[in-house]
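Since the structure comes first, as structure tokens, the remarks are kept for the end.
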Amino acid sequence: MLTSHIADVLREVPLDGDDREALVKQIVAVADRLRGDDLIMSVMHSELARVYITERLGTSQQVLIEGLAARLTVAQRSGSVRSGDARRLATMVLLIAQSTIQSADIVDSILDSAALATELTHALNGYLC
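See the structure below:
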């Protein structure tokens, strides 16, 4: 259920190009939507979340890593993403984006939604350059 829900969100925020800029824009938009998503937030506030944050990768996370790796490989070919193992890069991108979803509430007084999106964009662009 969670995997198909995340896939639906990804379809709602289509990738608008094959370069780093387009990929980062999509990742930031998806993270923003997931931060406000009732299903995601109910999972995040459940005991189950601890397992997928601290103990193992879930199916949704694995699907996201594989999808990101494929897109990063394309962006690497065009030169907009630095060289490196695309799967490792994708895993780090997932960790960065996932942390903004998990921790947005605790930093809201410092980083509101717009500021968080701006900083996530900077972080991802800096990491992937």
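Quick note on numbering: UniProt numbering labels position 34 of the sequence shown as 34, and the sequence is numbered without any gaps. Each residue gets a CB set at the ideal place from its N, CA and C atoms; glycine is no exception.
Where does residue i land, buried or exposed, given buried means 16+ other C-beta within 10 angstroms?
{"i": "MET1", "result": "exposed"}
{"i": "LEU34", "result": "buried"}
{"i": "LEU68", "result": "buried"}
{"i": "ALA97", "result": "buried"}
{"i": "ALA75", "result": "buried"}
{"i": "ILE40", "result": "buried"}
{"i": "LEU95", "result": "exposed"}
Between the alpha carbons of residue i and residue j, how many angstroms are there, rounded?
{"i": "ALA7", "j": "GLU66", "result": "13 Å"}
{"i": "ALA104", "j": "THR73", "result": "29 Å"}
{"i": "HIS5", "j": "VAL107", "result": "26 Å"}
{"i": "GLU55", "j": "LEU48", "result": "10 Å"}
{"i": "ALA115", "j": "ASP37", "result": "19 Å"}
Judging by CA-CA distance, which residue of the options is the nearest neighbour of residue i?
{"i": "SER99", "options": "GLY84, GLN76, SER109 and ALA123", "result": "ALA123"}
{"i": "VAL93", "options": "LEU15, ALA29, VAL24 and ALA114", "result": "VAL24"}
{"i": "ARG50", "options": "GLN102, SER113 and ASN125", "result": "GLN102"}
{"i": "TYR127", "options": "GLY84, ALA114 and SER113", "result": "GLY84"}
Whose C-beta lies closer than 7 Å to the C-beta of residue i among residues of the same chain, with five residues either side of it excluded?
{"i": "ALA117", "result": "VAL28 and ASP32"}
{"i": "CYS129", "result": "ARG82"}
{"i": "GLU119", "result": "LEU111"}
Suppose the cutoff is 8 Å on Cβ atoms and the five residues either side in sequence are ignored; what does the same chain contact list for residue i look like?
{"i": "LEU15", "result": "ALA22, LEU23, GLN26 and ARG71"}
{"i": "MET44", "result": "ILE101 and GLN102"}
### Task
State whether the stretch 76-95 contacts the stretch 18-33, with contact taken as three or more CB pairs (one from each stretch) at a distance under 8 Å.
yes
### Query
Does the stretch 1-16 come within contact of the stretch 82-93, defined as at least 3 CB pairs closer than 8 Å?
no
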